[in-house]
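Colleague:
There are 2 protein chains.
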Amino acid sequence: MTAEKKAATPGAEDASPDKDWPRDSLKKYASSIDVARVAGVSQSQVSRTFSGSSKVSESTRKKVLEAAERLDYRPSLIPRIMLTHKSNLVAIVVGGLYNPFYSAVLEEFMIRFQAAGHQVLLVHVPNDHALDDVIPKLASYRVDAIVSALAILSPAGAATLAKLKIPVIAFNTAVNNRWVTSVSSENFQAGQTIADLFIARGARSFGFISGPWTSPASARRREGYEERLRETGAGPPTIARGDYRYEGGFAAALGMFGGSSRPDALFCANDLLAIGAIDALRERLGLRVPDDVLVAGFDDIPAASWASVDLTTFTHDAAAMVDETLSIVLSAENGKPLATKPVVVSARLIERGTTSKDLRS
Amino acid sequence: MTAEKKAATPGAEDASPDKDWPRDSLKKYASSIDVARVAGVSQSQVSRTFSGSSKVSESTRKKVLEAAERLDYRPSLIPRIMLTHKSNLVAIVVGGLYNPFYSAVLEEFMIRFQAAGHQVLLVHVPNDHALDDVIPKLASYRVDAIVSALAILSPAGAATLAKLKIPVIAFNTAVNNRWVTSVSSENFQAGQTIADLFIARGARSFGFISGPWTSPASARRREGYEERLRETGAGPPTIARGDYRYEGGFAAALGMFGGSSRPDALFCANDLLAIGAIDALRERLGLRVPDDVLVAGFDDIPAASWASVDLTTFTHDAAAMVDETLSIVLSAENGKPLATKPVVVSARLIERGTTSKDLRS
DNA sequence: TTGTATGCGTTATCAG
DNA sequence: CTGATAACGCATACAA
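Chains as they are written, first to last, in the numbering used here: chain A, 1 to 361; chain B, 1001 to 1361.
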């Protein structure tokens, strides 16, 4: 049966003209074969005209372009994926965009990847565990690489990813192996730096509001902070757990400063927590920042520089993060294994109003 | 030549066993043929096992699954796209994620689309004009639909889209035709509502800080505001142009309130502008909000509910927006033309502190 | 139930 | 420079 169609092809150029297109309703796009037929050339020439790889005479080129225009032809990239085993698709996995920092990084990535000729497949996973549900989908779309902006990436999740043999770049994760490269900011150093700053401003008692316990980034910032406090002979900080959100910072600060003894310097694992904490101090507890309490955050989200907030914080070197990631992805495309060392990009202190007071004065 | 390979297939199951896989370095994934060979069944059976559409005997099913496991087989979706002319890919076009409202909507979309079995291709375009560069790419990836969160969509851009015969859902655009459906909030009514509220609070002179002139959403909000002010006999509002960003609101407010005559009620086209304006009033001009000036915004971004901001604003019915969009996309997939009427979802007033004062008291 | 053959829309190879 | 043809990996109609 099907052989019949085939058999008819040899002389088909001039066969049933009405059979040209409105055949099946499924077909939405003209194919190179359709174009070829209309232009009166071979399909190869159409392909060559659009890929530009090979030479085509000006006359055929013109005929092809005309026919293509008439049929609204858009070459499909799908078959190419099959042939080359490269989709030019990069998946970005995010767990939530409520933190403006992630939005900003995501945007940066989109721009850069597009510029490099990649398309971005955006994937949302509510939590680390759900990763297993999404991964097969990504593999099925043959993404070239996966960038995980997930705050946390469990060893189990990492294992799932590793099985796919797809290069993975993960932010702020402890995992790092043949298929997973970790990219983080200088979290530990930032913690140290803030401790130094607080001490220089005359602070005597210290507080820290963390992200989720599972967040390596939060843990590292805290470690640096605690270590430096210990080194300088200051007492250990009071710790409260937040969740990286405004509300978490607000509630944690209420708890930490509601009692009798209160810290006079507070480091928060991110800006959202810090802003929540500041609001709790000012609006609910009647404390002044920085006159009574020094506060610092991390991320340098847009709100941190608002006049009413003016928060001391750290900027990630977003450009470097993206650069590194991009180069990892690109080199991985040549089949090379990933760099085996975690990548660390700088975090720069931005001093603003919330630490501008010398507590001894 | 190639025919030889083909000819060899019949008895190939037991042929050169080393030829099994590490053939070409390009190939990263096992194919259904590889699995079939290892399992000792036909490729069809592998396909059937994974698609689940047809019946497969328990014994073969088991053999197939085992082989697949051993080879880390992940069925590719790419060929299916070719067969069905459906990619299950939906493109979301964004112009910038600096506005938390967009991030939130984007996240909502991702979640819903994924739940509906679609993947999201995220595309960034710096401006309306650049849309033309990106569209062909999207067509080449055979996306099923395009959701444009671009604040503006020019008629030219719309025309480009229409040629592709890809369903487009655009937010807050004036365009609406066979291929482009517009989805917006009740911008006009919101403008009226705010005017009413200001008047009820005893305001006498009014101000408005707009988004970019090209933004239809901003224009509609202003129109409703102005119309109601006119109806009630109040003077026309002082207008300043912002750009939907904090800095724009800050600068615009400085200009509008820096002179001798100043409005005592200010409506801003979005929350970011409003927050910028408030900061300018409080931190730079020494004015009190709401005691001296009432302020309202639009979007209900997270920061609007921060204790230090406490901004009166409007929430979009994000869930409805996504619902509508999703149903449009899904129905369009059956080849039906798009709904010809623009979709309007409700905007609900959220009264907060920045309008809590009665100016006459 | 299972196997065979064919097509989807490209690119690459190989003859002309 | 041009045309035929073989893949790529899967789904499906058809035959067995």
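Beta carbons: idealized from backbone N, C-alpha and C, even for Gly.
Among the candidates Gly1191(B), Tyr1141(B), Leu1071(B), Ala1091(B), whose CA atom is the shortest distance from the CA of Ile1078(B)?
Modeller: Per the Cα distances, Tyr1141(B).
Colleague: Let's see if you can read the secondary structure: which residues bound the alpha helix (DSSP H) around Gly191(A)?
Modeller: Where Gly191(A) is concerned, the enclosing alpha helix (DSSP H) stretches over 187-200.
Colleague: Could you check whether the stretch 1187-1195 of chain B touches the stretch 1214-1224 of chain B, counting it as contact only if at least three pairs of C-beta atoms, one from each stretch, sit closer than 8 Å?
Modeller: Yes, they touch.
Colleague: Asp1279(B) versus chain A: which residues are under 7 Å apart at the beta carbon?
Modeller: Neighbours of Asp1279(B) on chain A, chain order: Trp306, Ala307, Ser308.
Colleague: Pick helix, strand or coil for Leu122(A), following the three-state DSSP scheme.
Modeller: Here Leu122(A) sits in strand by DSSP.
Colleague: For Ala115(A), name the three-state secondary structure that DSSP assigns.
Modeller: The answer is helix: DSSP assigns Ala115(A) an H, G or I state.
Colleague: Sorted by chain position, which residues of the same chain lie with C-beta nearer than 7 Å to Phe50(A)'s C-beta, five sequence neighbours on each side aside?
Modeller: Taken in chain order, the residues that qualify are Pro75.
Colleague: Given Val1345(B), which residues of its chain have a CB within under 8 Å of its CB, disregarding the five upstream and five downstream residues?
Modeller: Around Val1345(B): Val1183, Ser1184, Ser1185, Glu1186, His1316, Asp1317, Ala1320, Met1321, Glu1324.
Colleague: With 16 other CB atoms within 10 Å as the buried threshold, where does Gly235(A) fall?
Modeller: When all chains shown are included, Gly235(A) counts as exposed.
Colleague: Which whole runs of the beta strand (DSSP E) in the stretch 1048-1125 of chain B are 3 residues long or more, in chain order?
Modeller: For the stretch 1048-1125 of chain B, whole beta strand (DSSP E) runs of length 3 or above, ordered along the chain, are 1089-1094, 1119-1124.
Colleague: If you measure between the beta carbons of Val168(A) and Ala174(A), is that distance less than 9 Å?
Modeller: No.
Colleague: Ignore the nearest five residues each way along the sequence and tell me which others in Ala164(A)'s own chain have a CB closer than 6 Å to its CB.
Modeller: Here residue 164(A) is Leu; the residue named in the question, Ala, does not match the sequence. The answer, listed in chain order, is Ala139.
Colleague: Among Asp1292(B), Leu1121(B), Arg1222(B), which residue has its Cα nearest to the Cα of Thr1193(B)?
Modeller: If we check each option's Cα against that of Thr1193(B), Arg1222(B) comes out closest.
Colleague: Distance, Cα to Cα, Pro1136(B) vs Gly1157(B)?
Modeller: Approximately 12 Å between the Cα atoms of the pair.
Colleague: Consult DSSP for Val183(A) and reduce its assignment to one of helix, strand or coil.
Modeller: Val183(A) falls in the strand class under three-state DSSP.
Colleague: Mapping DSSP to helix, strand and coil, what is Gly233(A)?
Modeller: The answer is coil: DSSP assigns Gly233(A) none of H, G, I, E or B.
Colleague: Only counting the same chain, and skipping five residues up and downstream in sequence, which positions put a Cβ closer than 6 Å to that of Ala304(A)?
Modeller: For Ala304(A), where only same-chain residues beyond five positions count, the Cβ hits under 6 Å are Asp271, Leu311, Thr313.
Colleague: Suppose you measure from the CA of Asp300(A) to the CA of Phe250(A); what does that come to, to the nearest Å?
Modeller: So the alpha carbons of these two residues sit roughly 18 Å apart.
Colleague: Using a cut-off of 7 Å between C-beta atoms, extract the partners of His1124(B) located in chain A.
Modeller: By Cβ distance, chain A contributes Glu107, Met110, Ile111, Gln114.
Colleague: Can you give the Cα-Cα distance for Tyr246(A) and Ala159(A), rounded to whole angstroms?
Modeller: Taking the straight line joining both Cα atoms gives about 32 Å.
Colleague: Since Gly1276(B) and Asp1243(B) are thought to touch, with beta carbons under 8 Å apart, how far apart are those beta carbons, to the nearest angstrom?
Modeller: Not confirmed; about 10 Å, so no contact.
Colleague: In this structure, how does DSSP classify Asp1144(B) when only helix, strand and coil are distinguished?
Modeller: Coil at Asp1144(B), not helix or strand.
Colleague: Taking Cβ positions only, does Glu1351(B) come closer than 9 Å to chain A?
Modeller: Not an interface residue.
Colleague: Listed from N- to C-terminal order along the chain, which residues in the stretch 225-253 of chain A have their beta-carbon within a distance smaller than 9 Å of any beta-carbon of chain B?
Modeller: Listed by position along the chain: Arg245, Tyr246, Phe250.
Colleague: Taking the alpha helix (DSSP H) that Ile1278(B) falls in, what are its first and last residues?
Modeller: 1271-1279 is the span of the alpha helix (DSSP H), which, as asked, contains Ile1278(B).
Colleague: Can you check which of these residues, Ala1265(B), Glu1227(B), Ala1149(B), is closest to Gly1202(B) by C-alpha distance?
Modeller: If we check each option's Cα against that of Gly1202(B), Ala1265(B) comes out closest.
Colleague: Flag Arg1288(B) as yes if its beta-carbon sits less than 9 Å from any beta-carbon of chain A, otherwise no.
Modeller: It does not: the Cβ of Arg1288(B) has no partner Cβ on chain A nearer than 9 Å.
Colleague: Below 8 Å on the Cβ atoms is my guess for Val1064(B) versus Ala1030(B); work out the distance and round it to an integer in Å.
Modeller: Actually they are not in contact, since the Cβ atoms of Val1064(B) and Ala1030(B) sit about 12 Å apart, beyond 8 Å.
Colleague: Can you name, in chain order, every residue of its own chain whose Cβ lies under 7 Å from the Cβ of Pro1302(B), other than the five neighbours on each side?
Modeller: Counting only Cβ-Cβ distances below 7 Å, and skipping sequence neighbours, we find Pro1100.
Colleague: For the alpha helix (DSSP H) containing Gly1249(B), list its first residue and its last residue.
Modeller: Looking at the DSSP string, the run of the alpha helix (DSSP H) that includes Gly1249(B) is 1246-1258.
Colleague: Residues in its own chain within less than 6 Å of Phe113(A) by CB, not counting five upstream and five downstream?
Modeller: Cβ within range, chain order: Val90, Val120.
Colleague: Residues in its own chain within less than 7 Å of Arg360(A) by CB, not counting five upstream and five downstream?
Modeller: Taken in chain order, the residues that qualify are Gly202.
Colleague: Flag this pair as yes or no: are the beta carbons of Thr238(A) and Ile199(A) separated by less than 9 Å?
Modeller: No. Outside cutoff.
Colleague: Only counting the same chain, and skipping five residues up and downstream in sequence, which positions put a Cβ closer than 7 Å to that of Ile1033(B)?
Modeller: So the qualifying residues of the chain are Gln1043.
Colleague: Between Val94(A) and chain B, is any beta-carbon pair separated by less than 9 Å?
Modeller: At least one chain B Cβ lies under 9 Å of Val94(A).
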